[in-house]
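Q: Straight run, no breaks: the sequence shown in this note's numbering ends on number 257.
Below is one structure. I have some questions about it.
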Amino acid sequence: MPKAELSPDAMERKMVLQLSEKYTEEDRYLHCLKLEHFCEWVKWDGVMAQDRNWNELIQREGDDELFRFSLAATEDVLPTPSVLKCWRVPGMVGEKVKCHLCKAKQGSLSHILAGCNNGSGSALQQGRYTWRHDSILLALYKQIRSMRNEGKAGLKLGRCRKSSQAIKFKSGSGAAFAAPSISREVVPLFEESDDWVLQFDLNFDGQTKTKPFPAHIAASGLMDSYSQTNSRRLYGLSSHPHGNRTSQNRTHAKK
Numbered sequence: 003m004p005k006a007e008l009s010p011d012a013m014e015r016k017m018v019l020q021l022s023e024k025y026t027e028e029d030r031y032l033h034c035l036k037l038e039h040f041c042e043w044v045k046w047d048g049v050m051a052q053d054r055n056w057n058e059l060i061q062r063e064g065d066d067e068l069f070r071f072s073l074a075a076t077e078d079v080l081p082t083p084s085v086l087k088c089w090r091v092p093g094m095v096g097e098k099v100k101c102h103l104c105k106a107k108q109g110s111l112s113h114i115l116a117g118c119n120n121g122s123g124s125a126l127q128q129g130r131y132t133w134r135h136d137s138i139l140l141a142l143y144k145q146i147r148s149m150r151n152e153g154k155a156g157l158k159l160g161r162c163r164k165s166s167q168a169i170k171f172k173s174g175s176g177a178a179f180a181a182p183s184i185s186r187e188v189v190p191l192f193e194e195s196d197d198w199v200l201q202f203d204l205n206f207d208g209q210t211k212t213k214p215f216p217a218h219i220a221a222s223g224l225m226d227s228y229s230q231t232n233s234r235r236l237y238g239l240s241s242h243p244h245g246n247r248t249s250q251n252r253t254h255a256k257k
């Protein structure tokens, strides 16, 4: 059904409302720029905008507590020590306004979420910022270690696996057909050698976070893990999204 055209009066009211919303938003933005505290979002750059359409908010699915935290964090109105001091909450003076972990800087939202890195008791030293990243890396390490051990056992047994792969073709008329499949022996990667060495950026099972990766493997200090075997001259590198890290997984043959 075609959409009915607006009357001249309705079109004028629509344009007036749009201009009013535009000027109101500009006034709000200018007000936020003048504030010494709160409204940290005016300093953000390259951040995905939140969808605050009322219909979307009412019908959304997910954790309500997490959603409220997201909204409050965007406007910097979470009850952090620095905010409680601005609200003149009784007792929020002196040491109580400082970060409860590092005891060195004021407990602002930006400091708590990403800036507590001063001293042995800081959030960075306690692993609070890297916990999620390290948890994923630990799961990867356990899986790859298991595959390495299974591969070592399979190599001793001398087993191999049959693989059938059909070659697909397409005729001139566009009809697809496949040639008879070819059966070949396939040796899994970790069964090609029994001297695989694993190194992960973890403090677990003999792994060490501060241990540098070999220069002939990776010159970059941003790698999360590597595995290598000298007998078959193969190695694999892996890094995962965290901070400035780039997601990449590669397996190479060394020259």
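No residue lacks a Cβ here, since even glycine has one placed at the ideal position from N, Cα and C.
Could you spell out the range, first to last residue, of the beta strand (DSSP E) harbouring Q201?
A: Start at 1 with the first residue of the sequence shown, and residue 201 comes out as number 199. V199 to F202 is the extent of the beta strand (DSSP E) around Q201.
Q: Distance, Cα to Cα, Q128 vs T231?
A: Looking up residue 128 in the sequence shown gives position 126. Looking up residue 231 in the sequence shown gives position 229. Going by the C-alpha atoms only, they are around 34 Å apart.
Q: Can you grab the Cα-Cα spacing for the pair E67 / E27, in whole Å?
A: Sequence index remark: in the sequence shown, residue 67 carries index 65 (1-based). Sequence index remark: in the sequence shown, residue 27 carries index 25 (1-based). Straight-line Cα distance between these residues: approximately 27 Å.
Q: Pick helix, strand or coil for R252, following the three-state DSSP scheme.
A: Numbered from its first residue, the sequence shown carries residue 252 at position 250. Its pLDDT being 42, under 50, R252 is placed unreliably in this model, and the value from its coordinates should be taken loosely. In this structure, R252 counts as strand in the three-state DSSP scheme.
Q: Figure out for me which residue from V44, I146 and L111 has the closest Cα to the Cα of L80.
A: Counting from one through the sequence shown, the residue named residue 80 turns up at place 78. When each option's Cα is compared against that of L80, the closest is L111.
Q: State yes or no: is the C-beta of F192 within less than 9 Å of the C-beta of G156?
A: On the sequence shown, position 190 is the one that residue 192 refers to. On the sequence shown, position 154 is the one that residue 156 refers to. Yes, they are a contact pair.
Q: Going by alpha carbons, who is nearest to Y131 out of L140, L142, N119 and A141?
A: Residue 131 sits at position 129 when you count from the first residue of the sequence shown. Checking every option, the nearest Cα to that of Y131 belongs to N119.
Q: Enumerated in chain order, which unbroken segments of the alpha helix (DSSP H) with a length of 4 residues or greater are wholly contained in the segment 31-91?
A: Taking only runs of at least 4 residues, the alpha helix (DSSP H) segments lying wholly in the segment 31-91 are 56-61, 66-77 and 83-88.
Q: Could you tell me the alpha carbon to alpha carbon distance between N55 and F69, rounded to whole angstroms?
A: Numbered from its first residue, the sequence shown carries residue 55 at position 53. Numbered from its first residue, the sequence shown carries residue 69 at position 67. Rounded to the nearest angstrom, the two C-alpha atoms are 14 Å apart.
Q: Can you tell me which of the three DSSP states S229 falls into?
A: Reading the sequence shown from its first residue, position 227 is the one you call residue 229. Looking at S229 - three-state DSSP - the assignment turns out to be strand.
Q: Given a cut-off of 9 Å on the beta-carbon distance, is the pair G153 and D207 in contact?
A: Numbered from 1 along the sequence shown, position 151 holds the residue referred to as residue 153. Numbered from 1 along the sequence shown, position 205 holds the residue referred to as residue 207. Their beta carbons are not under 9 Å apart, which means G153 does not touch D207 by this criterion.
Q: Mind checking whether G109 and C101 have CB atoms under 9 Å apart?
A: Residue mapping note: residue 109 aligns to position 107 of the sequence shown, counting from 1. Residue mapping note: residue 101 aligns to position 99 of the sequence shown, counting from 1. Yes, the Cβ-Cβ distance between G109 and C101 is below 9 Å.
Q: For Q201, is the classification buried or exposed, using 16 other Cβ atoms within 10 angstroms of its Cβ as the cut-off for buried?
A: Counting from one through the sequence shown, the residue named residue 201 turns up at place 199. By the 10 Å Cβ count, Q201 comes out buried.
Q: Measure the C-alpha to C-alpha separation of A106 and L86 and round it to an integer number of angstroms.
A: Taking the first residue of the sequence shown as position 1, residue 106 is located at position 104. Taking the first residue of the sequence shown as position 1, residue 86 is located at position 84. A106 and L86: Cα-Cα distance of roughly 18 Å.
Q: Take K257 and list the residues in its own chain whose beta-carbon comes closer than 7 Å to its own, dropping the five residues that flank it on each side.
A: One-based indexing of the sequence shown puts residue 257 at position 255. Reliability of the predicted coordinates at K257 is poor, the pLDDT of 38 falling under 50, and the value obtained from them is presented with this limitation in mind. Excluding sequence neighbours, K257 sits near nothing in its chain.
Q: Would you mind reading off the limits of the alpha helix (DSSP H) that contains K154?
A: By one-based count along the sequence shown, residue 154 stands at place 152. From DSSP, the alpha helix (DSSP H) with K154 extends over W133 to L159.
Q: Across which residues does DSSP place K170 in a beta bridge pair?
A: For this step, residue 170 is matched to residue 168 along the sequence shown. Answer by DSSP bridge pairing, in chain order: A180.
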